[in-house]
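1 is the number of the first residue of the sequence shown in my numbering; add one for each residue after it.
Every residue gets a Cβ at the ideal spot worked out from N, C-alpha and C, and that includes glycine.
A short write-up of the structure that comes next.
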Amino acid sequence: MESTDDLASAASERLREFARLENSASERRPSRGYWWLMLWSAVLIAAYVGVYLFTFGGSTVEQVSERTGGYSATWVMLTPVLTFSSLLSGARERFNIRAKPSPLHWGFYGLVMAGFVALGVLSITGIAYPWWLNVLVPLALFVTMAAAPVRNLIAVSRRSSEPWGRAPLSTASRLMTVLIGAAIGVLLITSAYPLAAAISGIVVMVFLIVVLVSWRASFGLPRVGYQWGSLHWVCFGACALVVFACVLLTTFTSWFTAPYTVAAGVLVFIIMGVAALFPRSDPQREL
1 MESTDDLASA ASERLREFAR LENSASERRP SRGYWWLMLW SAVLIAAYVG
51 VYLFTFGGST VEQVSERTGG YSATWVMLTP VLTFSSLLSG ARERFNIRAK
101 PSPLHWGFYG LVMAGFVALG VLSITGIAYP WWLNVLVPLA LFVTMAAAPV
151 RNLIAVSRRS SEPWGRAPLS TASRLMTVLI GAAIGVLLIT SAYPLAAAIS
201 GIVVMVFLIV VLVSWRASFG LPRVGYQWGS LHWVCFGACA LVVFACVLLT
251 TFTSWFTAPY TVAAGVLVFI IMGVAALFPR SDPQREL
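Next up, the structure:
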């Protein structure tokens, strides 16, 4: 009789252990917060590719050099993208499981990026191509990158949102948040002045190299991205949009002159400076 009871008790304990493991695995599945980050990544990268192609695609090196700012716009646009990729790696650490894209996804992604590189080569060599490719490539890139996030945002329960916590940013992360705004702001302010743009570009490049090499330091971008809340990501997104808008307006309008880029640079610095003062988002709010 005791043996039967022991077996029943052992079986019950095994079932409880299985249930705990199953619940733990369920909790480690990517949450809505993770998929929102992935969707934002798709928007930012596709926007960068689109703005780059509209700005430089189909234009020869001589034509670009004659514009206000010339190729300095390339570095202005690239800085938020490089910064974002490092920040995102830290934010992803908040989630226990990182979904691995399928081989099919990588195949489509590779084809789209190959198309982007091909259009860049054609522009540099002065070979004309249909203008609509400048629309097709970023659209295809967005669809490729956003498909999984959109599908999972629909499927994943709202209850699985990742809490961001209440603690304020560390001193190092707060300082780096301000410096990110300063770097992007300075590039915008000097973009209309060739000599100043060259000097600021070198300074920002050295700054980014130091920060990227110090990957695991307390002031490294991954650590900053780990601590950022939804408010900080929204502010950074707004700054990236300001950068892209300035590049397009400078290229395609005559009225968007140096005073406007200076004002835009100051605005970016203020946005990130104010964002650095706030603690992370309330844990009850979703990303």
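For the set Gly225, Gly126, Leu212, Val186, the Cα lying nearest the Cα of Arg174 is the one of Gly225. If you check the CB distance, Val210 and Leu187 do not come in under 8 Å. For Trp35, the three-state secondary structure derived from DSSP is helix.
Nearest to Val268 by C-alpha distance, out of Phe219, Leu195, Thr177, is Thr177. Taking a 10 Å sphere around the C-beta of Gly110, we find fewer than 16 other C-beta atoms and assign the residue as exposed. For the set Ile189, Ala172, Ala196, the Cα lying nearest the Cα of Ala217 is the one of Ala172.
For Ile271 against Cys235, the beta-carbon gap comes to about 5 Å, under 8 Å, which counts as contact. Counting of Cβ neighbours within 10 angstroms places Ile127 among the exposed residues, the total staying below 16. With respect to the C-alpha of Ala114, the residue from Ala91, Pro138, Pro103, Glu93 having the closest C-alpha is Pro138.
For Arg216, there is no enclosing alpha helix (DSSP H), as DSSP marks it with neither H nor E. As the crow flies, the alpha-carbon of Gly181 is around 25 Å from that of Trp255. Per the coordinates, the alpha-carbon of Trp36 lies some 35 Å from the alpha-carbon of Ala258. Between Met38 and Phe244, the C-beta gap is not smaller than 8 Å, which leaves the two residues out of contact. Here Trp131 is exposed. Its C-beta has fewer than 16 other C-beta atoms within 10 Å. Take Gly273, set aside five residues on each side of it, and the residues of its chain with a beta-carbon closer than 6 Å to its own are Val178, Gly181, in chain order.
Residue environment for Gly107: exposed (fewer than 16 other C-beta atoms within 10 angstroms of its C-beta). Judged by beta-carbon spacing, Ala91 lies beyond the 8 Å limit of Trp215, meaning their Cβ atoms are not closer than that value.
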